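Taking it in order: structure first as structure tokens, then the write-up.
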Amino acid sequence: MKMEDDIRELIETIETIYSELGYKIFDREETEDLYQASFSSNSEIGGSVFVEKESNFLELAYSYTFDIDEEDFLKEHLESMMNICYEYGNYFNIMKTDDEINFTIFAKLYFSGLNVESMQDTLDDFISCNHEIIEVFGIEEDDRYSDTGNGNQET
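According to numbering that gives the first Met the number 0, the sequence shown is numbered sequentially starting from 0.
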């Protein structure tokens, strides 16, 4: 099943705004309750965008994947990562499996404030936050945009 018409219109608006800001949208997935897609530009960190049927906002996400043996590194830098996310109005989630640790940064933009300027501001903060996190992680400049554009960076 596809999402309802009002959500479909919202998704079209989101994709139009991304296009106006110079981002490409790809890898779209849509169910009855969720829309998700990846976004990227030629010169910046991309990510994923999520819209849930019952929510009042869209969410941006970018994930970093670490080997499980890097857990101490993450614990050592947790406070600075938390402060960086807070500074930019972002938040994060950490998920641990037997083999790896995923650190994901999120930004939220309420539909009531959705326009080109608010999306640009949200993206600017989201990208700046990720740049500072990249510095904490010690990822080399050349590796910053070497991911597949799907909002994931392996360290």
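By construction, the Cβ of each residue, glycine as well, lies at the ideal position given by its N, Cα and C atoms. Fair warning: this is a prediction, and the values are worked out from it, not measured in the lab.
For residue j and residue i, the rounded distance between their alpha carbons
i: E29; j: Q119; result: 24 Å
i: L113; j: T96; result: 35 Å
i: E99; j: L108; result: 29 Å
i: K23; j: F110; result: 20 Å
i: D68; j: I13; result: 39 Å
i: C128; j: D32; result: 29 Å
i: A36; j: T15; result: 13 Å
i: D142; j: I10; result: Caution is warranted here: a pLDDT of 48 is assigned to D142, below 50, making its placement in the model unreliable, and the coordinate value is therefore given only provisionally. C-alpha separation (whole angstroms): 31 Å.
i: N41; j: E3; result: 32 Å
i: E75; j: N82; result: 13 Å
i: L77; j: E131; result: 13 Å
Residue i beta carbon near the ligand HEM (any heavy atom closer than 6 Å)
i: H130; result: As far as ligands go, the structure on display features none, and thus does not contain the ligand HEM.
Residue i versus the options, residue with shortest Cα-Cα distance
i: E8; options: L20, K52 and E19; result: K52
i: Y34; options: E43, S47 and N41; result: S47
i: T64; options: H130, I10 and I93; result: I93
i: G88; options: I138, I10 and L122; result: L122
i: F105; options: A60, N82, D71 and V115; result: A60
i: E116; options: Y17, E3 and I6; result: Y17
i: D26; options: E58, S39 and E134; result: S39
**Prompt:** Residue ranges of each beta strand (DSSP E) run of no fewer than 3 residues wholly in the region 90-118, ordered along the chain?
**Reply:** 90-95 and 99-109
**Asked** What are the complete beta strand (DSSP E) segments, minimum 3 residues, inside the region 7-95?
**Response** 23-29, 33-39, 46-51, 56-66 and 90-95
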